[in-house]
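Chemist: In the working numbering, the protein residues as written are 13 to 578.
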DNA sequence: GCCGTTTTCGGCCCGACTGTTTTCAGTCG
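#1: Cutting at 8 Å between CB atoms, please list the residues of its own chain near residue 77, excluding the five before and the five after it.
#2: Going by DSSP, name the residue or residues bridged to residue 238.
#3: Could you give the C-beta distance for residue 376 and residue 415, rounded to a whole number, given that I count them as a contact under 8 Å?
#4: Tell me whether residue 480, by its Cβ, gets closer than 7 Å to a heavy atom of the ligand GTP.
#5: Output needed for residue 48: all residues of its chain with C-beta closer than 7 Å, excluding positions within five of it in sequence on either side, in chain order.
#6: Apply the 10 Å Cβ neighbour rule to residue 296 and answer buried if 16 or more other Cβ atoms are within range, or exposed otherwise.
#7: Taking the C-alpha atoms as reference points, what is the distance between residue 2 and residue 41?
#8: Please classify residue 101 as buried or exposed, where buried requires at least 16 other C-beta atoms within 10 Å of its C-beta.
#9: Using the rule of at least 16 other Cβ atoms within 10 Å of the residue's Cβ for burial, across every protein chain shown, is residue 447 buried or exposed?
#10: Taking the alpha carbon of residue 36 as the reference point, which residue from 89, 62, 61 and 73 has its own alpha carbon closest?
#11: Applying the 10 Å Cβ sphere with the 16-neighbour rule, what's the burial state of residue 13?
#12: Around the Cβ of residue 557, are there at least 16 other Cβ atoms within 10 angstroms (buried) or fewer (exposed)?
#13: So, residue 301 versus residue 339, is the Cβ gap smaller than 8 Å?
#14: Buried or exposed: residue 26, going by 16 or more other Cβ atoms within 10 Å of its Cβ?
#15: Quick check on residue 406: does DSSP put it in helix, strand or coil?
#16: Could you give the C-beta distance for residue 487 and residue 471, rounded to a whole number, given that I count them as a contact under 8 Å?
#17: When the distance is taken between beta carbons, is residue 247 closer than 8 Å to residue 259?
#18: Quick check on this structure: which residue in 535, 573, 346 and 355 has the alpha carbon closest to the alpha carbon of residue 393?
#19: Any idea if residue 154 is buried or exposed, counting beta-carbon neighbours within 10 angstroms, 16 or more meaning buried?
#20: Should residue 266 go down as buried or exposed, given a rule of 16 or more other Cβ atoms within 10 Å for buried?
#21: Apply the 10 Å Cβ neighbour rule to residue 53 and answer buried if 16 or more other Cβ atoms are within range, or exposed otherwise.
#22: Is residue 552 closer than 8 Å to residue 521 when the C-beta atoms are compared?
#23: For residue 13, which three-state DSSP category applies?
#24: With distances taken from CA atoms, which of 494, 495, 483 and 489 is nearest residue 511?
#25: So who's on the other strand from residue 534, going by DSSP bridges?
#26: Nearest-angstrom Cα distance between residue 404 and residue 208?
#27: Rank 314, 455, 75 and 181 by C-alpha distance to the C-alpha of residue 333 and give the top, closest one.
#28: Tell whether a beta-carbon distance below 8 Å holds between residue 210 and residue 481.
#29: Inspect the beta-carbon positions of residue 444 and residue 474 and report whether they are closer than 8 Å.
#30: Going by the CB atoms, is the gap between residue 146 and residue 160 shorter than 8 Å?
#31: Using a 10 Å radius around the Cβ and a threshold of 16 neighbouring Cβ atoms, would you call residue 357 buried or exposed?
#32: For residue 444, which residues does DSSP report across the bridge?
#33: Please list the segments of the beta strand (DSSP E) lying wholly inside the stretch 182-233, counting only runs of 3 or more residues, in order along the chain.
#34: Enumerate in chain order the residues of its own chain whose CB-to-CB distance from residue 206 is below 8 Å, with the five nearest sequence positions on each side excluded.
#35: Go through its chain and collect everything with a Cβ distance to residue 501's Cβ below 6 Å, but skip five positions before and after it.
#36: Using CA atoms only, rank isn't needed, just tell me which of 115, 45 and 68 is closest to residue 34.
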């Protein structure tokens, strides 16, 4: 038997993933089977998120197909990459495509088709030229804001990720720190701990007997991390997932000070300790500050929950010991925004009701899409009448949970609602949302929403701004006018808890709550398991400073139904 | 190329509307 050739040095997961992503890019530029392209992309993503070294696993002859998105084909490609340092198919492709296409292999987040389209129209042939045109604003002018954002995202080095995607990554790194790096204690800090919606840096505070050794061990995460910097008590790395990782050392006696100082936000710390001198004194003095309470106490403050540390009014409230008692997952009594197979959901009404009951909910509102939203299987008037009768029958049989009759009703371009009034009147409440004509001007878009709220059957405004995090900014609205109108009309808002929406933002949710309007924290679930997105919505609600009294679906059913009446 | 409560093939959403189009790509959930 001939021994396989052995590559000189081990490859990091980042390097391996880069090759798979490169394959995807070139296949895409060549117009290959889109599902094959997606398979390579997905596998690259999986590997980028992995703590274990692919290189080590290949050499140990481990079964790689146990990872999602890696089958026989890609597993053998990985073997080839690790053992020979090359991927034959990729080299072959690189040799056959023009240089401007080959170059795209290094930019896995750029869509080759869009890039080549731009090249053709602009008469350019390279990424540097593309960057230059982007800076001049020519891309935006010629192809619109969306293309511009796509190119920008694809060209920047570090890419932010959704908090809900960063959480499992953080958990994996925390395990690695505790199990493989001899950390005595390791906890997330920074913006992630404050539950900011997107993450561009993961940060940890660690307690360890030997920081240099811990840093050395951590550098082996994911088969090897690029080190961006290090000193005696901190270190920074580049993670394969595109974000950075920061580690701060703290002894047990100073754990609290370090947590306060690293959790931030900058604004919060600045307001708390303008010169930064007091925190530094606590950090370097002899008095132990093992927990955050002791630190805030030293400042004459009550402990501020991390979610509130944004430099709003939290310090004033902490001084008076009047911080809000923030809403928790356990306070939620039901779901008010959920889809079923009637439109674009995955489960039937009965199955969703079962999933809601498993979560001990008192009620579940069924809000399938309305008739105009064809792509999402919008429900016809006739079918919604049928659904109303079906839910009545289900409620007679079910115990322990009440299914509420509702709909996610499209707000049409002119501000009218997507069903006639007699049908809307037969529902317990409505969630009304914009799903079309995002590009109306601010004034027109605002009028559209105000007019919709004038309909007496309008109950809750769904995902108020239409933003998609890291993708789309959403439509323009005069939000203050919308709030004032909602208040006058007796309408509510939702915090849509889909991890890529989180809309209302914490800032907007704060404004709504200040106007005395209750907010529903809704998941927009399209599957039973998506009811658990509630945790993301609760993060937003807490960042907005909401107590349970301010949250619509913390109400028991009878009070909820009364609140719905306008 | 991956995957399997339709498991070794065949699906992997997708369908109507918008735009400042110029004959189709992009966009909404």
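Just so it is clear, CB atoms sit at the ideal spot from N, CA and C, and this is done for glycine as well.
Modeler: According to the structure shown:
#1: In the first chain, residue 77 corresponds to position 65, counting from 1. Answer for residue 77: 83, 84 and 87, listed in chain order.
#2: In the first chain, residue 238 corresponds to position 226, counting from 1. Residue pairing for residue 238: DSSP places it in a beta bridge opposite 250.
#3: What you label residue 376 is simply residue 364 of the first chain in a count that begins at 1. What you label residue 415 is simply residue 403 of the first chain in a count that begins at 1. Right, their Cβ atoms sit about 6 Å apart.
#4: In the structure shown, the ligand GTP is absent, as is every other ligand, since no ligand is present at all.
#5: Against the first chain, residue 48 aligns to sequence position 36. Excluding positions up to five away in sequence, the list reads 39.
#6: In the first chain, the residue the question calls residue 296 occupies position 284. Classification of residue 296: exposed, given that the 10 Å Cβ count is below 16.
#7: Given a span of 13 to 578 for the chain in the structure shown, any question on residue 2 remains unanswerable.
#8: The sequence position of residue 101 within the first chain is 89, counting from 1. Label assigned to residue 101: exposed.
#9: Taking the first chain and counting its residues from 1, one reaches residue 447 at position 435. Within 10 angstroms of the beta-carbon of residue 447 lie 16 or more other beta-carbons, which makes it buried.
#10: Here the question's residue 36 lines up with position 24 in the first chain. Minimum Cα distance to residue 36 is reached at 89.
#11: In the first chain, the residue the question calls residue 13 occupies position 1. For residue 13, the predicted model reports a pLDDT of 45, less than 50, meaning its position is unreliable and no value from the coordinates is stated.
#12: Sequence index remark: in the first chain, residue 557 carries index 545 (1-based). If you draw a 10 Å sphere on the C-beta of residue 557, you find 16 or more other C-beta atoms in it, and that means buried.
#13: Position 289 of the first chain, counted from the first residue, corresponds to residue 301. Position 327 of the first chain, counted from the first residue, corresponds to residue 339. Contact: no.
#14: For the purposes of this step, residue 26 is identified with residue 14 of the first chain, where counting begins at 1. By the 10 Å Cβ count, residue 26 comes out buried.
#15: Numbered from 1 along the first chain, position 394 holds the residue referred to as residue 406. DSSP places residue 406 in helix when its eight states are reduced to three.
#16: Within the first chain, numbered from 1, the residue matching residue 487 stands at position 475. Within the first chain, numbered from 1, the residue matching residue 471 stands at position 459. Between residue 487 and residue 471, the beta carbon gap of about 21 Å keeps them out of contact (Cβ cut-off 8 Å).
#17: For the purposes of this step, residue 259 is identified with residue 247 of the first chain, where counting begins at 1. For the purposes of this step, residue 247 is identified with residue 235 of the first chain, where counting begins at 1. Closer than 8 Å, so yes.
#18: Position 381 of the first chain, counted from the first residue, corresponds to residue 393. For the residues 535, 573, 346 and 355, the minimum Cα distance to residue 393 belongs to 355.
#19: Here residue 154 is taken as the residue at index 142 of the first chain, counted from 1. Burial state of residue 154 is exposed, judged by a 10 Å Cβ sphere holding fewer than 16 other Cβ atoms.
#20: If you number the first chain from 1, residue 266 lands on position 254. By the Cβ-count criterion, residue 266 is buried, with 16 or more other Cβ atoms from all chains shown falling within 10 Å of its own Cβ.
#21: By 1-based counting over the first chain, the position of residue 53 is 41. Result: buried.
#22: Position 509 of the first chain, counted from the first residue, corresponds to residue 521. Position 540 of the first chain, counted from the first residue, corresponds to residue 552. Yes, the pair counts as a contact, with Cβ atoms nearer than the cut-off.
#23: Residue mapping note: residue 13 aligns to position 1 of the first chain, counting from 1. Residue confidence for residue 13 is low, a pLDDT of 45 falling below 50, so the modelled location carries little weight; the figure read from the coordinates is stated next. Coil.
#24: On the first chain, position 499 is the one that residue 511 refers to. Nearest of 494, 495, 483 and 489 to residue 511, Cα basis: 483.
#25: Translated into the one-based positions of the first chain, residue 534 becomes position 522. Note: residue 534 is bridge-paired with 508 in the DSSP secondary-structure output.
#26: Taking the first chain and counting its residues from 1, one reaches residue 404 at position 392. Taking the first chain and counting its residues from 1, one reaches residue 208 at position 196. About 41 Å.
#27: Taking the first residue of the first chain as 1, we reach residue 333 at position 321. Of the candidates 314, 455, 75 and 181, the residue whose Cα lies closest to the Cα of residue 333 is 314.
#28: For this step, residue 210 is matched to residue 198 along the first chain. For this step, residue 481 is matched to residue 469 along the first chain. Taking the C-beta atoms as reference points, residue 481 is found nearer than 8 Å to residue 210.
#29: By 1-based counting over the first chain, the position of residue 444 is 432. By 1-based counting over the first chain, the position of residue 474 is 462. The answer is yes: Cβ separation under 8 Å.
#30: For this step, residue 160 is matched to residue 148 along the first chain. For this step, residue 146 is matched to residue 134 along the first chain. At the C-beta level, residue 160 and residue 146 come within 8 Å of one another.
#31: On the first chain, position 345 is the one that residue 357 refers to. Buried, since its Cβ has 16 or more Cβ neighbours within 10 Å.
#32: What you label residue 444 is simply residue 432 of the first chain in a count that begins at 1. Its beta-bridge partners are 421 and 473.
#33: Listed in chain order, the complete beta strand (DSSP E) runs (minimum 3 residues) inside the stretch 182-233 are 197-201 and 213-219.
#34: Taking the first chain and counting its residues from 1, one reaches residue 206 at position 194. Counting only Cβ-Cβ distances below 8 Å, and skipping sequence neighbours, we find 275, 276, 277, 318, 319, 321, 322 and 555.
#35: Within the first chain, the letter at position 489 stands for residue 501. Closer than 6 Å at Cβ, skipping near neighbours: 465.
#36: The residue given as residue 34 occupies position 22 in the first chain. Residue 115 is the option with its Cα nearest to residue 34.
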